[in-house]
Amino acid sequence: MTAEKTNHFTNASTRADNNLTKKRVLVTGAAGFLGSHLCDKFINEGYHVIGMDNLITGDLKNIEHLFPLPNFEFYHHDVSKFIHIPGELDYILHFASPASPIDYLKIPIQTLKVGSLGTHNCLGLAKAKNARIIIASTSEIYGDPLVHPQTEEYWGNVNPIGPRGVYDEAKRFQEAITMAYHTFHGVETRIVRIFNTYGPKMRLNDGRALPAFIGQALRGEDLTVFGDGSQTRSFCYVDDLVDGIYRLLLSDYAFPVNIGNPDEISLLDFAKEILTLTDATVKIAYKPLPKDDPKQRQPDISKAKEILGWSPKVNRAEGLKKTYEYFKGLPKEELFKLPK
Ligand code: NAD
Numbered sequence: 057m058t059a060e061k062t063n064h065f066t067n068a069s070t071r072a073d074n075n076l077t078k079k080r081v082l083v084t085g086a087a088g089f090l091g092s093h094l095c096d097k098f099i100n101e102g103y104h105v106i107g108m109d110n111l112i113t114g115d116l117k118n119i120e121h122l123f124p125l126p127n128f129e130f131y132h133h134d135v136s137k138f139i140h141i142p143g144e145l146d147y148i149l150h151f152a153s154p155a156s157p158i159d160y161l162k163i164p165i166q167t168l169k170v171g172s173l174g175t176h177n178c179l180g181l182a183k184a185k186n187a188r189i190i191i192a193s194t195s196e197i198y199g200d201p202l203v204h205p206q207t208e209e210y211w212g213n214v215n216p217i218g219p220r221g222v223y224d225e226a227k228r229f230q231e232a233i234t235m236a237y238h239t240f241h242g243v244e245t246r247i248v249r250i251f252n253t254y255g256p257k258m259r260l261n262d263g264r265a266l267p268a269f270i271g272q273a274l275r276g277e278d279l280t281v282f283g284d285g286s287q288t289r290s291f292c293y294v295d296d297l298v299d300g301i302y303r304l305l306l307s308d309y310a311f312p313v314n315i316g317n318p319d320e321i322s323l324l325d326f327a328k329e330i331l332t333l334t335d336a337t338v339k340i341a342y343k344p345l346p347k348d349d350p351k352q353r354q355p356d357i358s359k360a361k362e363i364l365g366w367s368p369k370v371n372r373a374e375g376l377k378k379t380y381e382y383f384k385g386l387p388k389e390e391l392f393k394l395p396k
């Protein structure tokens with residue numbers, strides 16, 4: 057299948073001029089939460105950005121403001137199929153993949169395919185174009201971790217045949233094939249292990265704790281906490297993550313780097329923070345813990361600090377406020393939209 061390209065150029069000669077001078081970057085998963093923020097970042101840094109997405113979980117609304125720009129193009133394409141991009145590429149950011157449990161449990165085969173075949177295609181493209189590639193790995197490769205906080209040296213505790221295995225193992229394979237392309241083909245590769253990230257453009261109904269809590273508070277429903285709520289997570293604001301990814305891409309470090317905010321909180325305390333933030337008068341309702349739900353999550357970010365000079369700048373109170381403002385500003389019908 058050939059990629060369907062949508063470009064909205066103001067004028068063709070502007071585009072030609074831009075293409076001569078600007079570095080060209082391909083962002084897969086461009087219409088998703090993180091991909092759309094990365095498109096914004098690279099546009100702001102003066103790159104020519106080529107977004108690619110099959111819209112399986114993403115939404116063109118996240119990038120529609122970029123369509124009139126001469127240095128933005130969009131391909132509606134499934135990266136698990138052969139990728140053809142004319143012209144040169146300097147960087148590839150491979151972020152296409154369902155990312156929240158509600159999505160990857162519904163589309164498990166596509167999740168495994170985009171992590172394996174999709175990554176293989178992106179690495180092949182990087183090799184052909186002599187481009188540097190960064191792949192979006194995840195703290196989920198640590199599974200339900202037996203080491204706390206998690207350093208990059210920890211190999212993880214993943215149940216390969218559990219319900220979350222389709223995502224976790226796809227991402228572990230993704231890391232393995234990326235290192236293989238680096239070692240055997242000399243491709244310039246970077247691996248970012250992303251810990252829970254939040255911010256504007258998340259989907260309210262994607263099932264992750266933060267949008268779930270805010271959505272429930274805005275609808276006047278009780279906040280659902282799974283188990284006794286003692287399981288912990290560490291939430292990183294999206295601007296911090298994007299800065300870390302940018303630094304890693306431009307660094308010369310080929311091994312995995314954790315990017316996340318080490319400020320750990322139990323989900324029960326987090327639910328209480330959301331109640332205070334939203335001024336909601338609802339209660340907390342408890343439901344059984346899903347299978348293989350990780351009990352603890354906290355990144356060790358020593359490597360990011362040392363190699364990239366990176367550490368998160370936005371504290372949770374500030375980040376939550378910005379995210380809440382975004383969700384509050386959405387049209388009312390978004391609050392009641394069912395998952396894709
Ligand atoms: P998202 O669902 O908002 O975005 C993913 C995007 O990829 C969507 O636009 C979707 O349509 C697209 N996509 C999926 N399969 C595709 C395919 N085969 N071809 C083309 N496009 C495809 O998720 P997100 O939160 O933005 O996550 C982006 C990446 O970051 C994922 O690889 C995810 O595993 C990783 N990640 C995210 C987090 C987080 O906290 N958000 C944490 C760890 C890792």
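Counting from 1, position 299 in the sequence shown corresponds to residue 355 in our numbering; the numbering is continuous, with no gaps.
Every residue gets a Cβ at the ideal spot worked out from N, C-alpha and C, and that includes glycine.
Note that the coordinates shown come from a computational prediction; the quantities given were computed from them, not determined experimentally.
Exposure label - residue i; buried when at least 16 CB within 10 Å
| i | result |
| --- | --- |
| residue 254 | buried |
| residue 341 | exposed |
| residue 250 | buried |
| residue 367 | exposed |
| residue 98 | buried |
| residue 262 | buried |
| residue 388 | exposed |
| residue 276 | exposed |
| residue 140 | exposed |
| residue 72 | Because residue 72 sits at a pLDDT of 45, beneath the cut-off of 50, its placement in the model cannot be relied upon, and the following sentence gives the value as read from the coordinates. Counting Cβ neighbours within 10 Å, residue 72 comes out exposed, since fewer than 16 surround it. |
| residue 308 | exposed |
| residue 379 | buried |
| residue 202 | exposed |
| residue 286 | exposed |
| residue 171 | buried |
Element boundaries [beta strand (DSSP E), containing residue i]
| i | result |
| --- | --- |
| residue 255 | Where residue 255 is concerned, there is no enclosing beta strand (DSSP E), given that its DSSP letter is neither H nor E. |
| residue 343 | 340-343 |
| residue 106 | 104-109 |
| residue 321 | 320-322 |
| residue 192 | 188-194 |
| residue 379 | Taken as a continuous stretch (DSSP letters only), residue 379 belongs to no beta strand (DSSP E), being part of the alpha helix (DSSP H) at 372-384. |
| residue 288 | 288-290 |
| residue 246 | 245-250 |
| residue 148 | 147-150 |
| residue 116 | Where residue 116 is concerned, there is no enclosing beta strand (DSSP E), given that its DSSP letter is neither H nor E. |
| residue 81 | 80-84 |
| residue 282 | 279-282 |
Separation of residue j from residue i, as counted between CA atoms
| i | j | result |
| --- | --- | --- |
| residue 109 | residue 136 | 11 Å |
| residue 193 | residue 247 | 6 Å |
| residue 385 | residue 324 | 26 Å |
| residue 339 | residue 332 | 12 Å |
| residue 279 | residue 314 | 30 Å |
| residue 179 | residue 238 | 9 Å |
| residue 371 | residue 256 | 15 Å |
| residue 216 | residue 245 | 25 Å |
| residue 138 | residue 77 | 28 Å |
| residue 236 | residue 351 | 31 Å |
| residue 222 | residue 113 | 16 Å |
| residue 190 | residue 337 | 44 Å |
| residue 391 | residue 111 | 20 Å |
| residue 240 | residue 131 | 30 Å |
| residue 57 | residue 319 | Because the pLDDT at residue 57 is just 38, under 50, the model does not fix this residue reliably, and the value given afterwards should be weighed accordingly. Their backbone Cα atoms lie some 45 Å apart in a straight line. |
| residue 328 | residue 269 | 10 Å |
Residue i: first and last residue of the uninterrupted alpha helix (DSSP H) it sits in
| i | result |
| --- | --- |
| residue 238 | 221-241 |
| residue 125 | First-last for residue 125: undefined, no H or E at that position. |
| residue 98 | 89-100 |
| residue 158 | 157-162 |
| residue 177 | 175-185 |
| residue 400 | Residue 400 cannot be examined here, being either before or after the span of the chain that is shown, 57 to 396. |
Proximity winner among the options, relative to residue i (alpha-carbon distances)
| i | options | result |
| --- | --- | --- |
| residue 343 | 80, 241, 281 and 209 | 281 |
| residue 92 | 102, 106 and 79 | 106 |
| residue 166 | 180, 134 and 184 | 134 |
| residue 304 | 365, 319 and 257 | 365 |
| residue 12 | 118, 79, 132 and 371 | This structure gives no information on residue 12, because the portion of the chain shown stretches from 57 to 396. |
| residue 174 | 330, 161, 285 and 149 | 149 |
| residue 293 | 283, 145, 317 and 200 | 317 |
| residue 37 | 112, 146 and 214 | Past the edges of the chain, shown from 57 to 396, lies residue 37, and the structure says nothing about it. |
| residue 355 | 363, 295, 129 and 289 | 289 |
| residue 207 | 392, 374, 357 and 265 | 357 |
| residue 115 | 212, 129, 171 and 258 | 258 |
| residue 200 | 153, 369, 349 and 95 | 349 |
| residue 300 | 359, 84, 274 and 270 | 359 |
| residue 234 | 375, 156 and 310 | 310 |
| residue 184 | 142, 123, 159 and 252 | 142 |
| residue 225 | 152, 126, 198 and 264 | 198 |
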